[in-house]
Amino acid sequence: MDEALGIKWVFNNYYSKDKISIDHLNESTADKIIHYHKSFPIYKETPLVSLKSLADRLSIGNIYVKDESKRFDLNAFKVLGGSYAIAVYLAERFGLELSNISYNLLKGDKLKDEELIFVTATDGNHGRGIAWTARQLGYKSVVFMPKGSSVHRIESIRDEGAKVEVLDCNYDDAVRYAKKYAEENKGILVQDTALDNYIDIPIRIMQGYITIAHEISTQLNQEEKKPTHLILQAGVGSFAASMLGYFRNKYGENIKTLILEPKNADCIFKSALINDGKPHIVKGDLETIMAGLSCGEPNPIAWPILRDYGDLFVSCPDYVAEKGMVIMANPVGNDERIISGESGAPGLGLLKMIMEEEKLKKIKEKLEFNESSNVIIISTEGDTDPDSYKKIIAK
Ligand SMILES: Cc1ncc(COP(=O)(O)O)c(C=O)c1O
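Position 99 of the sequence shown, counted from 1, bears residue number 110 in the numbering used here, the numbering being contiguous throughout.
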């Protein structure tokens with residue numbers, strides 16, 4: 012492990028002869044999923060913004076930021092996972108052909124014979140996506156949140172018609188609570204992390220996210236560019252594993268991947284550091300401004316993908332996220348402004364530091380960040396806590 016400027020990092024040292032399969036995150040799966048997401052009247056590809064002036068200043072080929080604040084008017088990417096998992100659940104329950112599922116079909120009156128309740132636990136974005144999807148398709152939702160959840164995030168889930176309860180525990184315990192609640196109340200748990208035998212829905216959620224990766228690859232194609240680096244932020248690791256799986260399937264081994272987390276919730280980093288192949292837990296309040304990444308237990312079906320295909324694991328203090336937010340709010344040269352929230356921005360903050368800080372030179376050299384690099388960063392949320400956002404960019 013190395014450490015500088017409050018940032019800790021470990022290069023991937025794990026070797027397994029038989030890497031875990033990523034076939035479920037391939038191009039043909041992505042085609043089906045994007046077809047479903049496109050059936051939503053609100054669907055629009057989110058922008059892939061080229062920060063060319065910043066890239067020139069940092070002596071790096073290109074920096075592309077995918078702006079997920081524009082996703083379905085929900086200010087975050089998460090709805091892509093929950094909406095697809097709910098669709099597959101409904102298709103199976105009502106005997107529909109998976110390849111035919113669409114917004115109109117699922118919304119239709121024929122399916123409304125039963126009172127279904129979708130249940131989940133969330134730091135904010137996932138729960139809002141579940142509440143939104145449930146309401147769009149005519150069902151109810153119950154959402155549990157950990158202590159300290161922001162008032163704005165709570166209210167925006169209530170505004171989607173969900174019953175919301177804030178619990179006196181951290182995110183990981185809220186997940187267990189939601190599972191128990193669903194079992195006792197005939198609810199359907201739609202959780203973005205696997206638990207014991209509960210894996211089908213978390214797999215669908217990860218598959219739902221690959222709509223983002225598929226869009227990026229189409230957008231890069233239009234510019235005749237190929238990605239060389241991915242910088243991915245992780246909470247439980249589902250999002251990062253899903254992006255990594257798709258990009259490795261599509262572009263092969265040459266793409267380099269950096270996975271980053273907040274330092275008080277760095278369970279993926281800890282698992283890489285211990286390096287016994289197993290996921291490891293971080294306990295406690297998991298205090299960080301990056302609320303979406305405040306998770307202490309890796310998703311057991313995402314971790315093996317990160318372990319087998321990731322290159323570098325990084326644990327970051329909150330100031331790295333603040334840096335990314337400020338750069339995107341005050342772009343250099345002709346770059347476009349992006350509103351990026353606490354969990355959306357740490358990738359760009361970290362990249363700038365890697366390129367500028369002598370103490371992080373080892374990362375720059377080993378991962379070959381240079382004039383030929385096309386770096387992909389996904390700003391996974393906008394200002395989902397507007398008060399906090401305003402305070403940070405005013406600093
Ligand atoms: C904005 C944002 N970015 C990234 C993540 C990380 O996703 P995962 O928990 O799948 O690692 C989350 C999770 O809620 C999020 O809300």
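A virtual CB, placed ideally from N, CA and C, is assigned to each residue, including glycine.
Kindly identify the DSSP beta-bridge partner or partners of residue i.
i	result
His291	Paired residues: none, contrary to the question.
Cys306	DSSP lists no partner for Cys306.
Phe129	Ser152 and Ile199
Cys327	Pro273
His225	Paired residue(s): none; His225 is not in a bridge.
Ala87	Glu392
Ile387	Tyr75 and Leu241
Phe22	Leu323
Val343	For Val343, which the question treats as bridged, DSSP gives no partner whatsoever.
Tyr209	Leu206
Leu101	According to DSSP, which records beta bridges pairwise, Leu101 is partnered with nothing at all.
Leu59	Lys77
Could you give the residue range of the beta strand (DSSP E) that holds residue i?
i	result
Lys118	Unbroken run through Lys118 is the alpha helix (DSSP H), Tyr114 to Lys118; no beta strand (DSSP E).
Pro6	The question about residue 6 has no answer, for the chain in this structure spans 12 to 406.
Ala15	Asp13 to Ala15
Glu176	Lys174 to Val177
Out of the options, state which residue places its alpha-carbon closest to the alpha-carbon of residue i.
i	options	result
Glu264	Asp13, Leu16, Ile33 and Gly248	Ile33
Pro397	His163, Phe380 and Glu347	His163
Ile74	Lys406, Ala340, His46 and Asn381	Asn381
His291	Tyr257, Leu255 and Val247	Val247
Lys281	Gln147, Phe22 and Gly135	Phe22
Glu347	Ala96, Thr40, Asn111 and Leu62	Leu62
Ile210	Asp329, Pro311, Asp394 and Asn86	Pro311
Glu272	Gly256, Tyr257, Ala245 and Ala252	Ala245
Arg259	Asn24, Glu14, Ile31 and Ile214	Ile31
Gly393	Leu371, Asn341, Met336 and Ala189	Met336
Tyr47	Tyr95, Glu56, Leu85 and Ser39	Tyr95
Gly119	Tyr100, Gly149 and Ala142	Gly149
Cys306	Lys151, Leu200, Thr133 and Glu235	Thr133
Ile168	Leu36, Gly92, Cys180 and Trp143	Trp143
Tyr400	Leu361, Ala332 and Glu56	Ala332
Glu166	Gly135, Ser152 and Glu376	Gly135
His35	Asn24, Pro238, Lys363 and Gln218	Gln218
Glu171	Pro213, Thr40, Ile141 and Ala185	Ile141
Asp296	Ser152, Lys158 and Phe250	Lys158
Glu353	Cys327, Asp207, Glu194 and Ser249	Cys327
Asp277	Tyr262, Asn232, Asp329 and Lys236	Asp329
Met156	Glu226, Leu127, Arg68 and Ala189	Ala189
Leu269	Ile199, Ser351, Ile365 and Ala185	Ile365
Asp116	Leu101, Phe129, Glu125 and Glu368	Before going further, note that residue 116 is Leu rather than Asp in the sequence given. With distances taken between Cα atoms, Leu116 lies closest to Leu101.
Ile350	Leu362, Thr395, Arg318 and Leu317	Thr395
Ala205	Ile216, Asn385 and Cys180	Ile216
Ala98	Glu368, Pro238, Gln147 and Lys261	Gln147
Lys19	Ile300, Tyr262 and Leu361	Leu361
Ser161	Glu367, Met301 and Ala313	Met301
Leu65	Asn37, Asn345 and Lys375	Asn345
Gly355	Leu317, Glu367 and Gly303	Gly303
Just mark residue i as buried or exposed, buried being the case when its beta carbon has 16 or more other beta carbons within 10 Å.
i	result
Ala471	The requested residue 471 does not occur in the structure, where the chain is confined to residues 12 to 406.
Pro52	exposed
Leu16	exposed
Glu138	Note that residue 138 is Gly in the sequence shown, not Glu. Looking at its Cβ environment, which holds 16 or more other Cβ atoms inside 10 Å, Gly138 is buried.
Leu109	exposed
Tyr26	exposed
Asp84	exposed
Ser80	buried
Arg104	exposed
Met12	exposed
Glu298	exposed
Lys373	exposed
Glu308	buried
Asp203	buried
Asn181	buried
Gly358	buried
Asn385	buried
Lys363	buried
Asp78	buried
What are the start and end residues of the alpha helix (DSSP H) that includes residue i?
i	result
Val153	Unbroken run through Val153 is the beta strand (DSSP E), Lys151 to Met156; no alpha helix (DSSP H).
Ala66	Lys63 to Arg68
Ile31	Run containing Ile31: none; DSSP gives neither H nor E here.
Ser39	Glu38 to Lys49
Cys278	Cys278 to Ile285
Ser398	According to the sequence as given, residue 398 is Asp; it is not Ser. Asp398 -> alpha helix (DSSP H) spans Pro397 to Ala405.
Arg82	Segment: none, Arg82 is in no alpha helix (DSSP H) and carries neither H nor E.
Leu255	Ser249 to Tyr262
Arg169	Val162 to Arg169
Pro357	Pro357 to Glu367
- Flag this pair as touching only if the stretch 268-286 and the stretch 214-232 have three or more C-beta atom pairs under 8 Å; answer yes or no. No, they do not touch.
Practice item. Count the C-beta pairs between the stretch 384-391 and the stretch 320-330 that are closer than 8 Å, then say yes if the count reaches three, no if not. Key: By the Cβ rule, the stretch 384-391 does not count as touching the stretch 320-330, because fewer than three pairs are nearer than 8 Å.
Problem set entry | the stretch 68-85 / the stretch 368-381 touching (three or more Cβ pairs under 8 Å) | yes
- Cβ pair count under 8 Å reaching 3, the stretch 338-355 against the stretch 165-185: Cβ pair count under 8 Å is below three, so no.
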